[in-house]
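Written below as structure tokens is the structure these notes are about.
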Amino acid sequence: MMNNDVETKSVQGKNSPLAEQRAERRGQRTMLAIFGIAFVPVILAYLFFFHFPDILSGVTTNRGELIQPAMRFSEHHHAGYWSLIYIGDSRCNGDCIERLYLMRQVTVALGKDAQRMRQLLLPVSTELDETFDTLISSEHPELIIEWLNDDLSRMGLTSEGHWIYLMDPMGNLMLRFSPENSGQDMLKDLKHLLKLSRVG
1 MMNNDVETKS VQGKNSPLAE QRAERRGQRT MLAIFGIAFV PVILAYLFFF
51 HFPDILSGVT TNRGELIQPA MRFSEHHHAG YWSLIYIGDS RCNGDCIERL
101 YLMRQVTVAL GKDAQRMRQL LLPVSTELDE TFDTLISSEH PELIIEWLND
151 DLSRMGLTSE GHWIYLMDPM GNLMLRFSPE NSGQDMLKDL KHLLKLSRVG
């Protein structure tokens with residue numbers, strides 16, 4: 001009889017609300033530990049790359065030039081996508097042709113991640129030369145043209161320097177590449193950012 005009482009108490013102890021709460025807390029701690037192991041390094045790397053590059057002074061991985069603070073477009077029609085941006089004139093010769101070609105080739109080289117990227121041309125003029133228009137139609141059909149002159153003026157951005165800018169999915173200009181940066185420089189930065197980011 002005594003053995004049955006002990007056995008009954010043991011079973012009740014295992015199924016008691018207190019025991020269930022303890023088991024639930026252990027499960028939650030296990031899930032948090034798994035989350036920390038998997039995601040915390042990625043989150044920290046993302047924060048360092050975007051927001052605290054000075055902490056890693058001398059050992060930063062970016063080849064392009066970080067824009068600090070990031071500049072934001074008031075009009076942003078490509079939310080959810082990363083965008084490579086070239087600011088052009090009404091005509092496209094020499095450096096302009098090379099920069100548009102580089103944007104296209106780097107995007108293609110991203111492979112499956114190319115679908116996360118948009119290519120934008122922001123002219124500082126009110127219209128494009130007919131030859132430039134023809135070039136875009138024949139060589140760069142994926143290029144999206146937008147006139148955001150007010151934003152360009154506000155942010156002090158011009159076609160001088162032939163920079164290629166990187167805009168994040170929230171509409172922030174956060175990185176730029178000069179003609180001295182090679183296609184490999186751009187590709188390495190983009191691959192690194194797209195790997196870290198779950199946005200876009």
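Counting along the sequence shown from 1, when you hit position 177 you're at 177 in the numbering used here, and nothing is skipped either side. We put the CB at the ideal spot given by N, CA and C, even for glycine. Keep in mind the model is a prediction, meaning the values are calculated, not measured.
query: DSSP beta-bridge partners for residue 103?; result: DSSP, once it has assigned bridges, lists no residue as partnering residue 103.
query: Could you pull out every residue in the same chain whose Cβ sits closer than 7 angstroms to the Cβ of residue 38, ignoring the five residues on either side in sequence?; result: Low local confidence applies: a pLDDT of 44 at residue 38 is under 50, so the model's placement there is unreliable, with the coordinate-based value given in what follows. Around residue 38: no qualifying Cβ.
query: Quick one: is residue 108 buried, meaning 16 or more other Cβ sit within 10 Å of its Cβ, or exposed?; result: exposed
query: By a C-beta neighbour count over all protein chains shown, 10 Å radius and 16 as the cutoff for buried, is residue 179 buried or exposed?; result: exposed
query: Is residue 198 helix, strand or coil when you go by DSSP?; result: coil
query: Evaluate the contact criterion for the region 138-151 versus the region 165-176: three or more CB pairs, one atom per stretch, below 8 angstroms.; result: no
query: From which residue to which residue does the beta strand (DSSP E) around residue 117 run?; result: 117-123
query: Residue 112 to residue 118, Cα distance in whole Å?; result: 13 angstroms
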